[in-house]
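2 protein chains.
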Amino acid sequence: MTASEIRALFSVASRPEVVSLAGGMPNLAALPLDALSVEVADLVAREGQVALQYGSAQGVPALREQICEVMRLEGINADPNDVVVTVGSQMALDLVTRIFCDPGDVVLAEGPSYVGALGSFAAYQARVVHVAMDEHGLDPDALRDALRTLAAKGITPKFLYTIPNFHNPAGVTLAVERRTEVLEICARYGVGVVEDNPYGLLGFSGRTYPALRSMDPGVIYLGSFSKTFASGLRVGWALVPPAVRDRLVLAAESATLCPPSFNQMLVSRYLDGHDWRSQIKTFTEAYRDRRDAMLAALETYLPDGCSWTTPDGGFYVWLTVPEGVDTKAMLPRAVTARVAYASGTGFYADGLGSRQLRLSYCYPTPERITEGVRRLAGVLEAELDVMRTFGSPARLTPTPPAVSRGPQSPSPDTA
Amino acid sequence: MTASEIRALFSVASRPEVVSLAGGMPNLAALPLDALSVEVADLVAREGQVALQYGSAQGVPALREQICEVMRLEGINADPNDVVVTVGSQMALDLVTRIFCDPGDVVLAEGPSYVGALGSFAAYQARVVHVAMDEHGLDPDALRDALRTLAAKGITPKFLYTIPNFHNPAGVTLAVERRTEVLEICARYGVGVVEDNPYGLLGFSGRTYPALRSMDPGVIYLGSFSKTFASGLRVGWALVPPAVRDRLVLAAESATLCPPSFNQMLVSRYLDGHDWRSQIKTFTEAYRDRRDAMLAALETYLPDGCSWTTPDGGFYVWLTVPEGVDTKAMLPRAVTARVAYASGTGFYADGLGSRQLRLSYCYPTPERITEGVRRLAGVLEAELDVMRTFGSPARLTPTPPAVSRGPQSPSPDTA
């Protein structure tokens with residue numbers, strides 16, 4: 273059970289002596305807590321009767337308008353009536369899956385993909401077929417191959433689930449010139465697109481990529497304030513075509529009646545009264561420093577035979593270790609050496625990923641990141657040492673599963 | 273679509289000139305907003321880094337302990353490890369349905385039943401079989417009959433969904449002497465029990481009923497702070513047997529990753545630092561005054577041939593109108609006369625309820641309630657007048673559906 277693996281990791285990682293490069297918790301140190309404290313006090317005192325009351329299932333209208341403003345930064349021109357506010361974008365993803373997928377239906381997703389998406393797909397018994405990426409993101413040729421192979425079996429996937437920007441866990445971004453191609457391929461095969469974009473505004477080069485949704489109004493777009501403001505408020509959203517909206521609102525009503533008015537009104541006030549663009553810049557600068565620290569440490573400490581992605585935004589580096597090392601089997605030894613990571617198999621629905629792992633640089637300080645990577649390098653060296661001493665890696669690690677339900681999925685950094 | 277009917281009603285009811293007896297919005301006027309404002313400001317200033325961050329899928333541990341204290345008032349002795357905090361108890365209900373029900377499975381529910389429960393059952397394509405109530409709540413004989421009839425067809429329902437206290441919409445309470453009987457009948461047929469108890473602490477006689485869960489640790493219990501504190505925070509919970517807990521936590525993680533830490537910590541502080549028992553007493557006194565106003569007005573204004581339940585707590589009166597009047601068909605005329613209610617068919621999965629309607633006394637002031645009932649009486653008089661003038665009621669209203677998938681369900685006030 274992948275989700276509980278991740279949960280177990282979080283629990284271990286919470287020991288202070290362990291450097292956790294495992295979790296994806298945003299770094300909130302830069303939040304202006306004093307100003308927020310005043311804001312929330314005023315919200316309760318002046319608008320408490322509304323903020324503490326049930327609201328509409330679709331979400332607070334003023335916030336839905338502001339969400340359209342936020343999306344405009346990525347070229348999206350949206351109607352607030354087509355926005356549905358959810359309890360984090362996870363809820364939007366879960367409900368979209370509920371609406372579209374019956375047991376046995378096929379969903380396409382990058383390989384590797386976001387563990388929370390795989391969890392929702394599994395919850396509705398959808399089958400995931402992974403599509404390979406390279407350093408420019410989802411590979412259009414691999415997408416075409418996957419769709420052709422499925423079509424030959426009479427299967428039309430329900431949708432392509434994709435994280436185009438600063439991918440979790442792969443750390444890569446879909447090249448702009450590939451975006452229309454991906455959309456065209458999906459259109460040709462009659463396959464919808466679900467674009468999950470929690471990190472899009474957290475680019476390190478100052479560049480913002482055009483959303484797939486900005487190129488095709490049929491795309492279902494998922495957004496979140498978890499990384500640009502505060503994850504603990506659980507405010508996300510879906511922008512959906514009008515034909516999907518009513519079904520999504522009805523599903524949301526069945527799921528929670530309505531998202532918390534209180535949280536929505538606080539986000540709305542924050543967007544209205546604070547310089548949220550500067551705040552995102554502040555966050556991004558902190559993440560860039562951490563990314564730099566991680567890349568430098570990987571370069572300095574890791575043994576030969578390792579390779580990794582170079583993220584231009586977001587939270588994650590995807591690392592491939594030398595052949596014969598099993599990152600899941602190694603994890604307990606890493607934790608003993610006081611460093612934690614997320615092993616690669618959790619990001620695949622088909623058993624791949626045993627030679628990969630995800631490193632998060634979002635939460636620890638640069639110094640801790642450097643120390644964490646140094647410890648990880650020591651663990652890898654020890655692993656390789658044992659392999660050199662005792663021969664074949666098969667003695668150390670179980671044979672990787674031969675079965676793969678999807679197209680072969682090379683790690684994104686090897687292509 | 274019942275949920276959207278209710279939604280449309282809410283929208284109409286929001287016009288200030290209409291007295292809405294339709295919605296179930298709690299009356300928050302008595303909340304100590306100034307004290308809460310100070311509390312929430314302190315929460316953000318001192319614990320913002322935790323409150324605004326992701327938390328565990330199961331919920332904040334301190335709150336889960338406090339929830340056990342709250343449940344102790346109804347005789348429940350629970351372990352905080354078996355409590356799962358959810359985004360309102362609606363989410364708990366939705367996930368419990370997700371876990372237990374496949375399409376076509378049967379669920380038992382009182383007739384009438386909570387519209388949000390019927391929505392979740394429909395979302396997972398579960399079939400609802402209604403069980404009749406009388407003024408003492410769920411009728412054990414009707415339950416036995418329903419289970420016997422189903423067993424004869426080889427069907428074992430997945431669970432009995434029941435609201436034992438101050439029922440929504442029926443306004444009745446399951447007699448204490450029936451509680452063990454209901455549990456025994458379900459146990460004999462191998463049917464689980466889901467106890468939904470949002471109103472249990474809102475009794476007007478000062479009496480608290482023992483929860484079904486206090487008599488049987490196998491019962492799944494759903495609780496909520498929406499009516500005892502603030503609905504807009506969306507904090508509810510499920511208390512489940514250990515065998516169900518891990519599946520529920522996993523489902524919750526798939527649904528929203530985690531409930532908002534911020535909201536949970538605010539509820540936790542409120543329970544810790546404020547006299548929440550007195551606050552509930554204050555709420556309850558206000559609701560009792562409103563109930564009294566409604567009952568007096570019904571007695572004064574309603575035409576002969578109407579009957580209604582006498583709630584001893586909670587928010588609702590269930591009204592049966594004279595034969596021939598269709599409450600759904602009458603609703604537009606009622607709204608024109610500036611009074612709104614929830615027509616009865618929305619509370620049944622099988623087309624019953626056209627002679628019933630739900631009146632909520634939770635939100636309007638006693639004066640408005642009196643005026644609303646007076647207007648409703650006028651609408652009913654006019655309806656009866658037309659019937660007397662033009663003859664058979666069939667000319668006015670469509671024939672009620674002859675089909676009933678469940679046992680016949682007399683309205684609770686006729687038995």
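Protein sequence lines correspond, in order, to chains A and B.
Residues 273 to 687, numbered by the numbering used here, are exactly what the first sequence covers, in order.
Residues 273 to 687, numbered by the numbering used here, are exactly what the second sequence covers, in order.
Every residue, glycine too, gets a C-beta built ideally from N, C-alpha and C.
Query	Result
Under 8 Å between C-beta atoms of methionine 297 of chain A and alanine 527 of chain A	no
Short Cβ contact (8 Å threshold) for lysine 430 of chain A with phenylalanine 372 of chain A	yes
Closest residue to glutamine 325 of chain A among A/Asp351, A/Glu346, A/Asp518, A/Asn535 (Cα-Cα distance)	A/Asn535
Cross-chain neighbours of tyrosine 326 of chain A in chain B, by beta carbon under 7 Å	Met297, Ser503, Gly504
Ordered list of alpha helix (DSSP H) runs contained in the stretch 570-611 of chain A, each at least 4 residues	599-608
Beta carbon of tyrosine 573 of chain B nearer than 8 Å to that of asparagine 299 of chain B	no
For alanine 418 of chain B and valine 400 of chain B, believed in contact at Cβ under 8 Å, the rounded distance	Their Cβ separation, rounded to whole angstroms, is 11 Å, which puts valine 400 of chain B and alanine 418 of chain B out of contact at 8 Å.
According to DSSP, residues forming a beta bridge with glutamine 628 of chain B	B/Thr592
Bounding residues of the beta strand (DSSP E) (the contiguous stretch that carries leucine 365 of chain B)	Counting along the chain, leucine 365 of chain B falls outside any beta strand (DSSP E), though it belongs to the alpha helix (DSSP H) covering 360-372.
Interface partners of threonine 528 of chain A on chain B, CB under 7 Å	Val359, Gly360, Gln362, Met363, Arg506
Burial state of leucine 345 of chain A (16 or more Cβ within 10 Å)	exposed
Span separating the alpha-carbon of glutamine 680 of chain A from that of arginine 450 of chain A	Reliability fails at glutamine 680 of chain A, whose pLDDT of 30 lies under 50, so the model's placement of it is uncertain and the value that follows must be treated cautiously. About 20 Å.
Closest residue to valine 516 of chain A among A/Lys499, A/Asp354, A/His546 (Cα-Cα distance)	A/Asp354
Identified DSSP bridge partners for tryptophan 239 of chain A	The displayed coordinates of chain A run from 273 to 687. Any statement about residue 239 of chain A would go beyond what the structure contains.
Straight-line gap, valine 379 of chain A to leucine 567 of chain A (C-alpha atoms, nearest Å)	33 Å
DSSP three-state assignment for alanine 666 of chain B, whether helix, strand or coil	Residue placement at alanine 666 of chain B is flagged as unreliable, the pLDDT there being 45, under the threshold of 50; a coordinate-derived value is accordingly withheld.
Three-state secondary structure (DSSP) of glycine 296 of chain B	coil
Any beta strand (DSSP E) of 3 or more consecutive residues that is wholly inside the stretch 397-441 of chain A	399-406, 431-434
Residue-chain proximity (glycine 376 of chain B, chain A), Cβ-Cβ < 8 Å	no
Under 7 Å by beta carbon: chain B residues contacting valine 312 of chain A	Val312, Ala313, Val316
Contacting positions in the stretch 387-399 of chain A - beta carbon closer than 7 Å to chain B	Gly388, Gly391, Ser392, Ala395
Residues of its chain near threonine 617 of chain B, where Cβ-Cβ distance is below 6 Å and the 5 sequence neighbours each way are ignored	Lys600, Gly625, Ser626
Cβ shell of glycine 464 of chain B (< 6 Å), same chain only, five flanking positions each side left out	Phe431
Start-to-end residues for the beta strand (DSSP E) that takes in leucine 380 of chain B	378-383
Opening and closing residue of the alpha helix (DSSP H) in which valine 312 of chain A lies	305-323
Nearest to aspartate 657 of chain B (by Cα), restricted to the options B/Glu639, B/Pro575, B/Asp377	B/Pro575
Chain-ordered chain B contacts of asparagine 535 of chain A [CB-CB under 8 Å]	Pro532, Phe534, Asn535
Burial state of alanine 666 of chain A (16 or more Cβ within 10 Å)	For alanine 666 of chain A, the pLDDT reaches just 45, beneath the cut-off of 50, and the residue's location in the model is therefore unreliable, although a value from the coordinates is still provided. Looking at its Cβ environment, which holds fewer than 16 other Cβ atoms inside 10 Å, alanine 666 of chain A is exposed.
Partners in chain A for leucine 366 of chain B, counting only beta-carbon separations shorter than 7 Å	Checking the sequence, you will find aspartate at residue 366 of chain B rather than leucine. Neighbours of aspartate 366 of chain B on chain A, chain order: Ser526, Ala527.
Alpha-carbon to alpha-carbon, cysteine 340 of chain A and leucine 652 of chain A	46 Å
Whole-angstrom distance between alanine 502 of chain A and tyrosine 542 of chain A, CA atom to CA atom	11 Å
Contact the stretch 549-564 of chain B vs the stretch 460-476 of chain B: 3+ CB pairs below 8 Å	yes
Contacts that glycine 320 of chain B makes with chain A (C-beta to C-beta distance below 7 Å)	Leu303, Leu305, Leu308
Nearest-angstrom beta carbon gap, glutamate 456 of chain A and arginine 485 of chain A [assumed within contact, 8 Å]	Not quite, the Cβ-Cβ distance comes to about 15 Å (not below 8 Å), so this is no contact.
Selected residue, minimal CA-CA separation from alanine 398 of chain A, among A/Ser385, A/Asp374, A/Glu407, A/Arg420	A/Asp374
Glutamate 453 of chain B - DSSP class collapsed to helix/strand/coil	helix
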